[in-house]
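Adding 7 to a residue's 1-based position in the sequence shown gives its number in our numbering. Please read the structure below before turning to the comments.
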Amino acid sequence: MKVPFDRAWAFLTDPTSLHLWTVDFALAPPEPRGDTFRVRTPRGELDLFIRADHDTGVIDFHFGRDGQYRCSPSRLFRTGDGVLYIFTQFEPPGAAPGLFETLVENVRKELQILKSVLESQ
Numbered sequence: 008m009k010v011p012f013d014r015a016w017a018f019l020t021d022p023t024s025l026h027l028w029t030v031d032f033a034l035a036p037p038e039p040r041g042d043t044f045r046v047r048t049p050r051g052e053l054d055l056f057i058r059a060d061h062d063t064g065v066i067d068f069h070f071g072r073d074g075q076y077r078c079s080p081s082r083l084f085r086t087g088d089g090v091l092y093i094f095t096q097f098e099p100p101g102a103a104p105g106l107f108e109t110l111v112e113n114v115r116k117e118l119q120i121l122k123s124v125l126e127s128q
């Protein structure tokens with residue numbers, strides 16, 4: 008993406024921006040709840056927190072319920088004229104047939120949305 012690292016970093020590490028670029032996840036801006044955020048999803052509410060390190064570009068999204076969290080790791084890299092964003096999608100335990108493929112397709116869509124949103128700012 009042809010955007011400054013710090014602009015992309017600020018957007019990606021802000022939980023309240025998730026509804027602007029995720030597909031089939033955040034239906035509205037996540038609401039702060041102490042050290043976490045409450046995310047309204049099509050499958051119900053989830054708690055979310057982000058662990059991020061500006062120096063390495065690591066952005067890990069932790070989400071779950073009742074203190075049980077899964078992690079979706081990602082990383083933002085500086086390039087000569089912008090950034091490269093890598094998001095890792097794991098197959099959820101006990102996933103129904105075809106779910107993983109749907110999730111991967113959602114990530115493809117999210118990366119396109121993210122590029123469009125960030126490059127238009």
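Cβ coordinates follow ideal geometry from the N, Cα and C atoms, glycine included.
Residues in its own chain within less than 7 Å of residue i by CB, not counting five upstream and five downstream?
i: Arg45; result: Pro37, Glu38, Glu52 and Asp54
Taking DSSP's pairing of strands, which residues face residue i in a bridge?
i: Ile93; result: Arg82
Given this structure, state the Cα-to-Cα distance separating residue i from residue j, to the nearest angstrom.
i: Glu108; j: Asp60; result: 29 Å
i: Leu27; j: Leu34; result: 9 Å
i: Gln75; j: Leu19; result: 23 Å
i: Pro100; j: Leu118; result: 24 Å
i: Ala102; j: Gly87; result: 39 Å
i: Val90; j: Asp13; result: 10 Å
Going by beta-carbon coordinates alone, are residue i and residue j separated by less than 9 Å?
i: Leu125; j: Ala15; result: yes
Helix, strand or coil: which one does DSSP assign to residue i?
i: His26; result: helix
i: Arg115; result: helix
i: Ala59; result: strand
i: Phe12; result: helix
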